[in-house]
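Protein chains in written order, with the working numbering: chain A, 1 to 427; chain B, 428 to 854.
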């Protein structure tokens with residue numbers, strides 16, 4: 001991994017610091033056709049695309065009770081136990097995100113905000129090589145806590161028409177109502193428009209490849225969607241007190257996800273930077289995903305040297321990364337200066353994997369600099385609010401002048417009239 | 428306005444009930460070019476488009492202190508007073524939406540959610556014929572309450588290079604920091620990428636025409652955006668106890684906004700339906716915006732007859748309209764059955780204009796059926812959350828097995844390794 005000066009103006013460093021996540025137009029045409037086909041031809045279209053993309057012929061998409069039972073039987077008990085531990089921790093953190101409404105009452109009038117769960121939610125869960133049961137927990141549990149009645153999950157089948165066992169176990173453990181063997185843009189389209197077999201949902205959440213992301217973007221408005229996630233990223237803020245071996249391990253953990261993953265260190269210590277490089281060379285050969293890691297380091301890896309640690313913080317806030325790890329002398333104080341980040345992991349013994357699997361915080365986080373304005377998935381993403389207003393005749397009479405003045409100022413005469421008409425004689 | 432049976436399967440009624448708000452592709456090409464031009468050429472491009480679309484040549488876009496002072500001098504005191512009343516009510520309702528973080532602490536570990544305001548927000552406020560100072564209040568005040576430091580407003584100038592006085596007054600009253608005379612897709616692009624004069628923001632909110640909406644959609648991801656609003660709509664749920672004259676007035680108030688606005692009545696009373704028709708014919712000639720109202724009624728107006736009032740509620744929940752008015756015998760009870768709506772106005776004396784100008788609830792509401800999953804603009808739209816995790820060595824040792832089990836199950840060996848390495852001898 002290359003060392004850069006923070007003042008470096010090269011394109012390569014700029015590409016790493018200013019990640020952005022703009023939709024690719026190349027796949028848009030393909031995805032539009034798929035969506036249209038599913039909208040028009042329903043399950044038949046879904047079946048055709050499943051054959052084409054997943055290599056299996058399915059007539060019935062829904063996972064049966066027998067399949068769930070078999071999944072539990074075929075899953076190691078220690079995996080089930082670990083999922084149960086993770087579930088409990090996720091619940092403990094997310095339960096505090098519940099939102100309640102409020103009502104401001106006066107004589108003869110009230111204004112109110114009612115909070116309700118979204119009725120039906122679809123979870124998109126990737127399958128195949130990247131089957132992550134933890135993703136099921138992270139997406140389903142906040143929905144369940146919000147009170148969503150119907151939590152539908154879709155995930156692509158393998159060539160045998162099966163779903164990864166641990167995904168089914170995680171779905172059952174989380175409280176997902178129904179699981180369907182369908183993935184890709186066709187799955188997103190089925191959730192957005194509904195088919196005979198697959199219910200139409202109100203919102204779709206969950207990660208996916210660029211076809212899935214593009215499909216979500218295109219059906220957004222027809223249904224709600226969560227954020228469009230880009231490739232994952234970590235920035236490690238470290239000073240000379242940090243352990244270079246731990247940092248090297250954490251950089252590799254990030255990079256193994258994806259050749260597009262970004263692993264960055266910000267430090268004021270050249271000596272640490274060089275030690276990290278040497279630890280990487282010592283550790284990389286033991287990695288099963290060495291090829292991916294090296295490619296990711298090449299493309300989106302950097303050790304950036306700053307004059308002072310405050311400069312490092314400034315760069316972090318500009319980057320607004322998905323994950324930040326802070327390994328400095330006073331990591332808690334240092335972390336308080338970070339205003340733009342999806343999640344922050346403090347100290348030598350909080351590698352990011354604590355957040356992925358154990359701590360209880362959500363690992364669905366804003367990427368590509370969107371932490372400037374976006375947040376991790378939460379219970380709020382599964383709630384909606386309705387405003388309620390009640391005025392009596394007396395209340396309206398007090399409000400009359402203000403309403404008429406503003407409506408007339410805006411040239412909306414019928415708005416003013418809708419008030420005045422209520423005070424005409426005979427009404 | 429035509430009367431339909433709720434069982435009617437006609438295309439016309441279906442068009443009215445199933446409004447959707449899909450982006451038009453026709454304008455996308457134009458808007459993409461504008462965005463690219465502003466991104467590359469900054470203020471020069473903005474200036475050229477302002478000349479082209481707004482018919483005025485501007486070198487400096489920012490509104491000066493003198494212009495603000497003049498706006499106050501030239502605005503009627505009763506308008507200023509009305510805006511101040513509205514502001515106070517909006518603050519009173521929105522202050523309750525503030526969100527605080529939380530921290531769950533145990534020995535040697537904590538998990539935390541920190542809530543912070545978004546740093547810089549851009550408000551897009553339409554100008555020209557539709558200059559609505561109330562829209563400034565509704566967009567700016569939640570941002571100010573959230574604690575956003577820099578609230579930037581843009582709005583298109585008129586041919587004399589001026590901004591409507593009441594918009595400037597509303598901006599000053601709300602606490603907007605800076606106002607720029609720029610509109611359209613070029614304004615959105617300037618906020619998304621920044622120019623020499625116009626600051627880059629983190630999120631853009633506010634309504635606009637299809638060019639503005641398309642531009643917002645295209646820069647979404649680079650910056651955050653609020654919902655893309657479609658044409659406005661009201662559904663009035665009424666039984667035979669309702670006053671047909673009030674209903675006629677409220678339908679017209681909705682329709683005067685826009686030829687695309689939708690005004691719908693759901694009732695079980697044919698006699699009420701017919702009286703509404705006759706009240707409309709009596710009242711419509713006094714309307715300055717008669718032509719718009721008639722066109723809107725023609726295209727998206729309907730009185731729909733249901734067997735029972737419960738059927739009416741079912742249709743409302745399917746439509747998920749922006750505004751619902753309930754004028755029935757027990758309107759509060761009836762309103763409780765409505766689960767999908769942006770805002771609900773209860774009883775004979777709560778016309779929707781109470782919510783637009785006075786009550787304090789937000790009038791930026793989800794349209795086109797999106798109330799199934801979206802909500803009115805609120806303080807939450809200007810806040811973001813960061814998760815923080817701290818584990819000590821001891822805490823991590825307890826978590827170790829769970830993390831390793833799940834990471835290995837997911838094939839993410841470097842994730843497991845990032846934990847195990849911390850417990851190797853010598854570390």
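Yeah, the Cβ is synthetic: ideal placement off N, Cα and C, and Gly gets one too.
Note that this is a predicted model, so its numbers are computed, not measured.
Exercise. So is residue 375 of chain B buried or exposed if we call it buried at 16+ other beta carbons inside 10 Å?
Worked result: Outside the displayed range of chain B (428 to 854) lies residue 375 of chain B, so it cannot be described from this structure.
Exercise. Where does residue 522 of chain B land, buried or exposed, given buried means 16+ other C-beta within 10 angstroms?
Worked result: Within the second chain, the letter at position 95 stands for residue 522 of chain B. Looking at its Cβ environment, which holds fewer than 16 other Cβ atoms inside 10 Å, residue 522 of chain B is exposed.
Exercise. With a CB to CB cut of under 7 Å and the five nearest residues on each side skipped, what residues in its chain are close to residue 816 of chain B?
Worked result: Within the second chain, the letter at position 389 stands for residue 816 of chain B. For residue 816 of chain B, where only same-chain residues beyond five positions count, the Cβ hits under 7 Å are 538.
Exercise. Should residue 486 of chain B go down as buried or exposed, given a rule of 16 or more other Cβ atoms within 10 Å for buried?
Worked result: Here residue 486 of chain B corresponds to residue number 59 of the second chain, with the count starting at 1. Label assigned to residue 486 of chain B: exposed.
For this session: Quick one: using the 10 Å Cβ neighbour count with 16 as the cut-off for buried, is residue 61 of chain A buried or exposed?
Result: Along the first chain, one-based indexing puts residue 61 of chain A at 61. Flag for residue 61 of chain A reads buried.
Exercise. At which residues does the beta strand (DSSP E) containing residue 665 of chain B begin and terminate?
Worked result: The residue you call residue 665 of chain B lines up with position 238 of the second chain. Residues 660 to 665.
Exercise. Does the beta carbon of residue 814 of chain B sit closer than 8 Å to a beta carbon anywhere in chain A?
Worked result: For the purposes of this step, residue 814 of chain B is taken as the residue at position 387 of the second chain. Yes, residue 814 of chain B counts as interfacial toward chain A.
Problem set entry | Limits of the beta strand (DSSP E) - the one that residue 42 of chain A falls within | Residue 42 of chain A sits at position 42 when you count from the first residue of the first chain. That residue, residue 42 of chain A, is in no beta strand (DSSP E); its alpha helix (DSSP H) goes 28 to 49.
Exercise. Does the region 430 to 443 of chain B come close enough to the region 780 to 797 of chain B that 3 or more CB-CB pairs lie under 8 Å?
Worked result: no
Exercise. What residue range is occupied by the uninterrupted alpha helix (DSSP H) comprising residue 133 of chain A?
Worked result: By one-based count along the first chain, residue 133 of chain A stands at place 133. Residue 133 of chain A -> alpha helix (DSSP H) spans 133 to 146.
Exercise. Nearest to residue 578 of chain B by CA position, among B:551, B:587, B:593 and B:561, is which residue?
Worked result: Taking the second chain and counting its residues from 1, the one referred to as residue 578 of chain B is at position 151. Residue 578 of chain B has its Cα closest to that of B:551, out of B:551, B:587, B:593 and B:561.
For this session: May I ask you to report which of helix, strand or coil DSSP gives residue 622 of chain B?
Result: For this step, residue 622 of chain B is matched to residue 195 along the second chain. In this structure, residue 622 of chain B counts as coil in the three-state DSSP scheme.
For this session: Name, please, each residue of chain B whose Cβ falls closer than 8 Å to the Cβ of residue 362 of chain A.
Result: Within the first chain, the letter at position 362 stands for residue 362 of chain A. 814, listed in chain order.
Exercise. Taking the alpha-carbon positions, what's the residue 239 of chain A to residue 310 of chain A distance?
Worked result: The sequence position of residue 239 of chain A within the first chain is 239, counting from 1. The sequence position of residue 310 of chain A within the first chain is 310, counting from 1. Distance between the alpha carbons of residue 239 of chain A and residue 310 of chain A is about 11 Å.
For this session: Identify the contact partners of residue 93 of chain A in chain B, using a Cβ-Cβ distance below 7 Å as the criterion.
Result: What you label residue 93 of chain A is simply residue 93 of the first chain in a count that begins at 1. Under the 7 Å cutoff, chain B gives 531 and 538.
Problem set entry | Three or more C-beta pairs below 8 Å linking the region 349 to 358 of chain A and the region 199 to 211 of chain A | no
Problem set entry | Cβ-based contacts, 7 Å cut-off: residues of the region 58 to 82 of chain A near chain B | 78, 79 and 82
For this session: Sort out for me which residues DSSP pairs residue 385 of chain A with in a bridge.
Result: For this step, residue 385 of chain A is matched to residue 385 along the first chain. Looking at the DSSP assignment, residue 385 of chain A forms a beta bridge with A:115.
Exercise. Is DSSP giving residue 77 of chain A helix, strand or coil here?
Worked result: On the first chain, residue 77 of chain A is found 77 positions in, with the first residue counted as 1. Residue state, collapsed to three classes: helix.
For this session: Report yes or no: is there a C-beta of chain A within less than 8 Å of the C-beta of residue 625 of chain B?
Result: Stepping through the second chain from its first residue, residue 625 of chain B is reached at position 198. No, because no Cβ of chain A sits closer than 8 Å to the Cβ of residue 625 of chain B.
Exercise. Chain A partners of residue 605 of chain B, CB-CB under 8 Å?
Worked result: As a position in the second chain, residue 605 of chain B is number 178, starting the count at 1. Near residue 605 of chain B there are no residues of chain A at all, since even the closest Cβ is about 19 Å away, more than 8 Å.
Exercise. Does residue 288 of chain A get closer than 8 Å to chain B when you measure Cβ to Cβ?
Worked result: Here residue 288 of chain A corresponds to residue number 288 of the first chain, with the count starting at 1. By this cut-off, residue 288 of chain A is an interface position.
Problem set entry | Run of the beta strand (DSSP E) containing residue 323 of chain A, from where it starts to where it stops | Taking the first chain and counting its residues from 1, the one referred to as residue 323 of chain A is at position 323. That run of the beta strand (DSSP E) goes 323 to 327.
Problem set entry | residue 768 of chain B beta carbon less than 8 Å from that of residue 743 of chain B | For the purposes of this step, residue 743 of chain B is taken as the residue at position 316 of the second chain. For the purposes of this step, residue 768 of chain B is taken as the residue at position 341 of the second chain. Yes, they are a contact pair.
Exercise. Fully enclosed by the region 204 to 269 of chain A, which beta strand (DSSP E) runs are 3 residues long or longer?
Worked result: 233 to 238 and 262 to 267
Exercise. Where do the ends of the beta strand (DSSP E) carrying residue 547 of chain B lie?
Worked result: For this step, residue 547 of chain B is matched to residue 120 along the second chain. Counting along the chain, the beta strand (DSSP E) containing residue 547 of chain B begins and ends at 547 to 551.
Exercise. If you measure from the beta carbon of residue 380 of chain A to each beta carbon in chain B, is any gap under 8 Å?
Worked result: Mapped onto the first chain, residue 380 of chain A falls at position 380. Cβ-Cβ to chain B under 8 Å: yes for residue 380 of chain A.
Exercise. Buried or exposed: where does residue 126 of chain A fall if 16 or more other Cβ atoms within 10 Å of its Cβ makes it buried?
Worked result: Residue mapping note: residue 126 of chain A aligns to position 126 of the first chain, counting from 1. Counting Cβ neighbours within 10 Å, residue 126 of chain A comes out buried, since at least 16 surround it.
Exercise. Hey, would you say residue 259 of chain A sits closer than 8 Å to residue 295 of chain A, going by beta carbons?
Worked result: Against the first chain, residue 259 of chain A aligns to sequence position 259. Against the first chain, residue 295 of chain A aligns to sequence position 295. The answer is yes: Cβ separation under 8 Å.
Exercise. Between residue 410 of chain A and chain B, is there a C-beta pair that is closer than 8 Å?
Worked result: Position 410 of the first chain holds residue 410 of chain A. Yes, its Cβ sits closer than 8 Å to a Cβ of chain B.
Problem set entry | Sequence-distant residues of the same chain with beta carbon closer than 6 Å to residue 213 of chain A, five excluded per side | Here the question's residue 213 of chain A lines up with position 213 in the first chain. Closer than 6 Å at the Cβ level, and outside the excluded window around residue 213 of chain A, lie 228.
Exercise. Exposed or buried, residue 516 of chain B, counting other C-beta atoms within 10 Å across all chains shown (16 or more means buried)?
Worked result: Here residue 516 of chain B corresponds to residue number 89 of the second chain, with the count starting at 1. Looking at its Cβ environment, which holds 16 or more other Cβ atoms inside 10 Å, residue 516 of chain B is buried.
Problem set entry | Residues bridged to residue 536 of chain B (per DSSP) | As a working note, residue 536 of chain B is residue 109 in the second chain. Its beta-bridge partners are B:533 and B:818.
For this session: Consider the Cβ of residue 422 of chain A: report whether some Cβ of chain B lies at a distance smaller than 8 Å.
Result: For the purposes of this step, residue 422 of chain A is taken as residue 422 along the first chain, with counting starting at 1. True, the Cβ-Cβ gap to chain B drops below 8 Å.
Exercise. Which of the three DSSP states, helix, strand or coil, is assigned to residue 841 of chain B?
Worked result: Here residue 841 of chain B refers to the residue found at position 414 of the second chain. Here residue 841 of chain B sits in helix by DSSP.
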